[in-house]
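> First the structure, then my questions, so here it is.
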Amino acid sequence: MERNVVIIGGGPAGYTAAIYTARANLAPLVLAGYAAGGQLMTTTEVENFPGFPTGVNGPELMDNMKAQADRFGAEILFKDATKVDFSKKPFEITYEDIVVKAKVVIIATGAGPKKLNIPAEKKLWGRGVSSCATCDGAFYKGKEVAVIGGGDSAMEEATFLTRFANKVTLIHRRDEFRASKIMVERAKKNPKIAFALSKTVDDILGDTKVTGVRLKDVKTGKLSEIKVDGFFLAIGHIPYSEIFKTQIKIDEEGYIVANHKTETNVPGVFACGDVVDHHFRQAITAAGSGCMAAMSAERYLQG
Ligand code: NAP
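Taking the numbering used here, I'd label the letters of the sequence shown as residues 798 to 1100.
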C-alpha cells in the first residue's frame, strides 16, 4: 500500500506534523522510533511550553501530543526507520524488514546533546545532569552549578544560569574559546561566572543527585573537585540524520538542509524540528516547524 505521508520521528515536530496531516485526511504513518517522544522524555518539568501556566511534565506533554495525533487517525508505530530510498517515487522507507512506500516523507528525527559518555553522566541524568539550561535552570535558584563547553552554547547557558544560580563554573578543555568574542566577553564580565580552563571532567560526583565534579588539568594531570548541585552539558548537539546522509543534502555538521518552507533538495521530502535547527532547539519551535512541514506536504500533494 502506498501512503500519502510517512513521518519519521516522534518528538514535538513529528507529532505536530502528524496532527496536521491527519486532520487534513492524509492518514499519515508515523515511525515514532523506539525512543518516541524525543528529548522531552528525559526532561521533568517543562515550564516554557505555552498553554501550561503551571508547567507540564515532559513525557506527559508528549503523551498528549500523541493522543491528539491518534484522535485524528494518525497511525503511530514505535519503530525506527532504518533505511530510506528517495531516488525513486514513491519513496521507500524501511523499518525492521518492512518496506513502506510514500508519496511524501516528513523527517523529524530530532537531535540529541553530545555527551561525555562517562557512567556517572547516565546515572545522574535528570538528577542534576542536564543539557538544557532553559529547561532546568530555574531549579538551581541560590545554588552552584557547572557548565562544560567552550562554544556559544556554553557561554549562553552559563550566562543564562546566573539568573538563578549563585555561582556558575564554566569548565573548558582549552584556554581559548570557540565561542564568539562578544559572548565570551559577556560571560567574563559576569561576576557570578568562574572559569575552570584547560580542565576535562574526570567524573561527576553524587549517588542519587549531583554533588560535585572532579576535574583533571590537561597540562599537569592534577585532579581537583568542585562542589555543584547541577552539571550542564553544552558541548554541541548531534542531529539524528545518519540514514539520510546519502539521500538528501546535509550540511557539514550533519543537519539536514531545508528552506523556510521545510523543503529539502528532494521534492516531496520535508524536514523539520531539531534535525534542521542549529539554533533554537526548543519544543515549541520544533512543533511550529512540524506544522509548517505538514502544510507544505499537503500543498505538495495537491500539486
Ligand atoms: P560548538 O560550537 O561545537 O562548541 C562545542 C564546545 O564543546 C567546544 O568548545 C568544544 O571544545 C567543546 N567540546 C566538544 N566535545 C567535547 C568533549 N567531549 N569534552 C569537552 N569539551 C568538548 O557547539 P555549540 O556551542 O553548541 O554551538 C553550535 C552552533 O550554534 C555554533 O555555530 C554556535 O555559534 C551556534 N550558537 C549560537 C548562539 C548564539 O549566537 N546566540 C548560541 C548557541 C549556539 P573545543 O573548542 O576544544 O573543540
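Using N, Cα and C, we set each Cβ at its ideal position, and we do this for glycine too.
Quick check on the burial criterion: 16 or more other C-beta atoms within 10 angstroms. Buried or exposed for Val1054?
Along the sequence shown, read from residue 1 onward, the residue named residue 1054 stands at position 257. When all chains shown are included, Val1054 counts as exposed.
> Does the beta-carbon distance from Ala905 to Gly1087 come in below 7 Å?
By one-based count along the sequence shown, residue 905 stands at place 108. By one-based count along the sequence shown, residue 1087 stands at place 290. Their beta carbons are under 7 Å apart, which means Ala905 touches Gly1087 by this criterion.
> CB of Glu872 to nearest heavy atom of ligand 1: below 6 Å?
Counting from one through the sequence shown, the residue named residue 872 turns up at place 75. No, Cβ of Glu872 sits at least 6 Å from all heavy atoms of ligand 1.
> Does any heavy atom of ligand 1 sit closer than 6 Å to the C-beta of Gly909?
Stepping through the sequence shown from its first residue, residue 909 is reached at position 112. No, ligand 1 has no heavy atom inside 6 Å of this Cβ.
> Can you tell me whether Asp1000 sits near ligand 1, meaning its C-beta is under 6 Å from at least one heavy atom of the ligand?
The residue given as residue 1000 occupies position 203 in the sequence shown. Not one heavy atom of ligand 1 is found less than 6 Å from the C-beta of Asp1000.
> Quick check: what's the CA-CA separation for Thr931 versus Glu954?
Reading the sequence shown from its first residue, position 134 is the one you call residue 931. Reading the sequence shown from its first residue, position 157 is the one you call residue 954. C-alpha separation (whole angstroms): 8 Å.
> Out of Pro988, Phe888 and His1034, which has the shortest C-alpha to C-alpha gap to Leu913?
As a position in the sequence shown, residue 913 is number 116, starting the count at 1. Between Leu913 and the set Pro988, Phe888 and His1034, the nearest pair of CA atoms involves His1034.
> Any contact between the stretch 972-982 and the stretch 942-956? By contact I mean 3 or more CB pairs, one from each, below 8 Å.
The stretch 972-982, when compared against the stretch 942-956, does touch it at the 8 Å Cβ threshold.
> In three-state DSSP terms, what is Tyr831?
If you number the sequence shown from 1, residue 831 lands on position 34. In this structure, Tyr831 counts as coil in the three-state DSSP scheme.
> Leaving aside the five residues before and after Ala1084 along the sequence, list all residues of the same chain whose C-beta is less than 7 Å from its C-beta, in chain order.
Taking the sequence shown and counting its residues from 1, one reaches residue 1084 at position 287. Closer than 7 Å at Cβ, skipping near neighbours: Pro809, Ala810 and Thr813.
> Apart from the five residues on each side of it in sequence, which residues of its chain come closer than 7 Å, Cβ to Cβ, to Pro910?
The residue you call residue 910 lines up with position 113 of the sequence shown. If we look at Pro910 and ignore the five residues flanking it on each side, its Cβ neighbours are Ser928, Leu1030 and His1034.
> Using DSSP's beta-bridge definition, name the partner residues of Phe992.
For the purposes of this step, residue 992 is taken as residue 195 along the sequence shown, with counting starting at 1. Note: Phe992 sits in a beta bridge opposite Leu967.
> Under the rule that 16 or more other beta-carbon atoms within 10 Å means buried, what is Ser1021, buried or exposed?
Working through the sequence shown from its first residue, we reach residue 1021 at position 224. Classification of Ser1021: exposed, given that the 10 Å Cβ count is below 16.
> Kindly examine ligand 1 and report whether one of its heavy atoms sits closer than 6 Å to the Cβ of Asp1026.
As a working note, residue 1026 is residue 229 in the sequence shown. Incorrect: Asp1026 has no Cβ contact closer than 6 Å to ligand 1.
> Might you give, ordered along the chain, the residues of its own chain that have their beta carbon closer than 7 Å to the beta carbon of Gly870, omitting 5 neighbours on each side?
Mapped onto the sequence shown, residue 870 falls at position 73. Only Ala819 and Ala824 meet the Cβ criterion.
> Take Val1025 as the anchor and find which of Thr1017, Leu1012, Lys1019 and Pro1036 has the nearest alpha-carbon.
By 1-based counting over the sequence shown, the position of residue 1025 is 228. The option with the nearest alpha carbon to Val1025 is Leu1012.
> Label His1057 either buried or exposed according to how many other C-beta atoms from any shown protein chain fall within 10 Å of its C-beta, with 16 as the threshold for buried.
Here residue 1057 refers to the residue found at position 260 of the sequence shown. His1057 comes out exposed.
> I need the DSSP call for Arg868, collapsed to helix, strand or coil.
Start at 1 with the first residue of the sequence shown, and residue 868 comes out as number 71. DSSP places Arg868 in helix when its eight states are reduced to three.
> When every heavy atom of ligand 1 is checked, does at least one fall within less than 6 Å of the C-beta of Gly835?
Within the sequence shown, the letter at position 38 stands for residue 835. For ligand 1, not one heavy atom lies less than 6 Å from the Cβ of Gly835.
> Should Met798 be labelled buried (16 or more other beta-carbon atoms within 10 Å of its own) or exposed?
Counting from one through the sequence shown, the residue named residue 798 turns up at place 1. With a 10 Å radius around the Cβ and a threshold of 16 neighbouring Cβ atoms, Met798 comes out exposed.
> Considering only their Cβ atoms, is the gap separating Leu958 from Gly934 smaller than 7 Å?
Start at 1 with the first residue of the sequence shown, and residue 934 comes out as number 137. Start at 1 with the first residue of the sequence shown, and residue 958 comes out as number 161. Cβ atoms of Gly934 and Leu958: closer than 7 Å.
> Report all residues for which the CB-ligand distance to some heavy atom of ligand 1 is below 7 Å; order them along the chain.
Lys911, Leu913, Ile945, Gly946, Gly947, Gly948, Asp949, Ser950, Ala951, Glu953, His969, Arg970, Arg971, Phe974, Arg975, Ala976, Ser977, Met980, Thr997, Ala1031, Ile1032, Gly1033, His1034, His1075 and His1076
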